[in-house]
Amino acid sequence: MADGMTEKQKEVVDYILTRIKDDGLQPGEKLDTEIAIAKCLGITRTTVREATRILVEQQRIYRVKGSGIFVGATEISSQAHRYHVLSPFDYQAQRNGHKGVRKIISASIIRVPSAEMAQALRIKTSDPIYKILRLMCFDETPVALEHIHLPVNMFNSMEFSKLEVSKYAYIEEVTGKKVQLRDQHLTAINLTQAETLALLKLGAGDAVIQINETVFLDDGVPCEVNVAIINTRFFPLKQNSQRP
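Below you can see the structure in the form of structure tokens.
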């Protein structure tokens with residue numbers, strides 16, 4: 001039993017996990033409402049809400065505002081609550097005597113491509129997102145390629161030119177909230193994808209760092225999922241870890 005979990009909360013947790021398993025529910029599929037669960041188990045909705053909060057923290061389920069709760073990861077994430085802060089791009093450029101340049105390569109609206117991304121952005125698997133490819137350069141030298149994913153429902157319209165100035169400043173302007181946390185996971189990979197190699201001017205098999213990150217506003221709402229490919233020969237990463 002999780003620390004501090006009551007017997008009633010455990011009953012709710014067990015009920016939800018059993019339903020997911022027995023019904024073969026997949027990540028991104030909708031679960032019963034909290035009211036329905038409370039009625040089925042004969043307990044208060046407050047108890048159900050407290051129990052589902054535990055499962056949300058474990059990433060077993062997630063909430064979509066106005067739509068209910070959905071199946072999340074099938075196992076507890078070992079990466080939960082791991083936050084990092086990386087040295088800013090413009091600082092790195094100036095430190096090396098360059099100007100930081102951002103270029104939008106492509107932009108489109110697509111359906112969210114995976115249940116995992118829907119969970120990270122706390123949207124439905126049928127919801128649309130902006131998919132934006134942004135090249136980061138020191139002067140004219142490409143140093144990073146970002147695959148940016150933003151929920152369409154966060155923007156009345158998208159001014160892509162502002163993403164070539166400051167992505168976070170634009171998000172803060174649109175939402176009226178501050179960007180607060182970046183939950184980042186770093187992996188060393190060898191590049192094979194032809195378009196990425198061409199844009200970064202690298203050779204097949206060159207080693208780079210891939211950063212998968214989810215960005216959160218100061219109210220805890222996720223606003224972006226970003227996959228960035230970093231050429232650390234030109235853009236060295238300096239990392240500071242912080243607790244949430």
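Once you know that position 105 of the sequence shown is 105 in full-length UniProt numbering, the rest is easy, because the numbers rise by one and skip nothing. Each residue gets a CB set at the ideal place from its N, CA and C atoms; glycine is no exception. Just so we're clear, the structure is a prediction, and the values are computed from it rather than from any experiment.
The C-beta distance from residue 107 to residue 130 rounds to 7 Å, short enough to fall under 8 Å. Between residue 207 and residue 188, the C-beta spacing is below 8 Å.
Shown here for residue 120: same chain residues with a beta carbon closer than 8 Å to its own, the five before and five after excluded, namely 214, 222 and 225 in chain order. With a cutoff of 8 Å on beta-carbon distance, residue 63 and residue 54 are scored as not near each other. When only Cα atoms are considered, residue 11 and residue 41 end up about 8 Å apart. If you draw a straight line from the Cα of residue 234 to the Cα of residue 90, it is about 13 Å long. By the neighbour-count criterion, in which a residue is buried when 16 or more other Cβ atoms sit within 10 angstroms of its Cβ, residue 113 is exposed. Under DSSP, residue 183 takes part in a beta bridge, and its partners are 214. In terms of Cα proximity to residue 110, the closest of 102, 127, 103 and 100 is 127. Distance check between residue 28 and each of 203, 124 and 210 places 124 closest, using alpha-carbon atoms only. Contact holds between the region 47-61 and the region 10-25, because three or more Cβ pairs, one in each stretch, are under 8 Å apart.
Checking the DSSP bridge columns, you'll see residue 189 partnered with 208. Taking C-beta separations shorter than 6 Å and ignoring five residues to either side along the sequence, the partners of residue 101 in its chain run 137, following chain order. The criterion of a C-beta distance shorter than 8 Å is not satisfied by residue 147 and residue 117. In the three-state reduction of the DSSP assignment, residue 166 falls in the coil class, being assigned neither a helical nor a strand state. By the criterion of a C-beta distance shorter than 8 Å, residue 26 is surrounded in its chain by 71 and 115, once the five residues flanking it on both sides are discounted. Across the structure, residue 177 and residue 160 are spaced so that their CA atoms are roughly 19 Å apart. Per DSSP, the continuous beta strand (DSSP E) segment holding residue 64 begins and ends at 61-64. Non-local beta-carbon contacts of residue 35 in its own chain, meaning distances under 7 Å to residues more than five positions away in sequence, involve 45 in chain order. From the listed residues 21, 50 and 151, the smallest Cα separation to residue 216 is found for 151.
When the five nearest sequence neighbours on each side are left out, the beta carbons in the same chain lying within less than 6 Å of the beta carbon of residue 31 are those of 69, in order along the chain. Within the UniProt domain "HTH gntR-type" (6-74), the alpha helix (DSSP H) runs of at least 4 residues that lie entirely inside it are, in chain order, 7-22, 34-41 and 45-57. At the C-beta level, residue 203 and residue 190 stay beyond 8 Å of one another.
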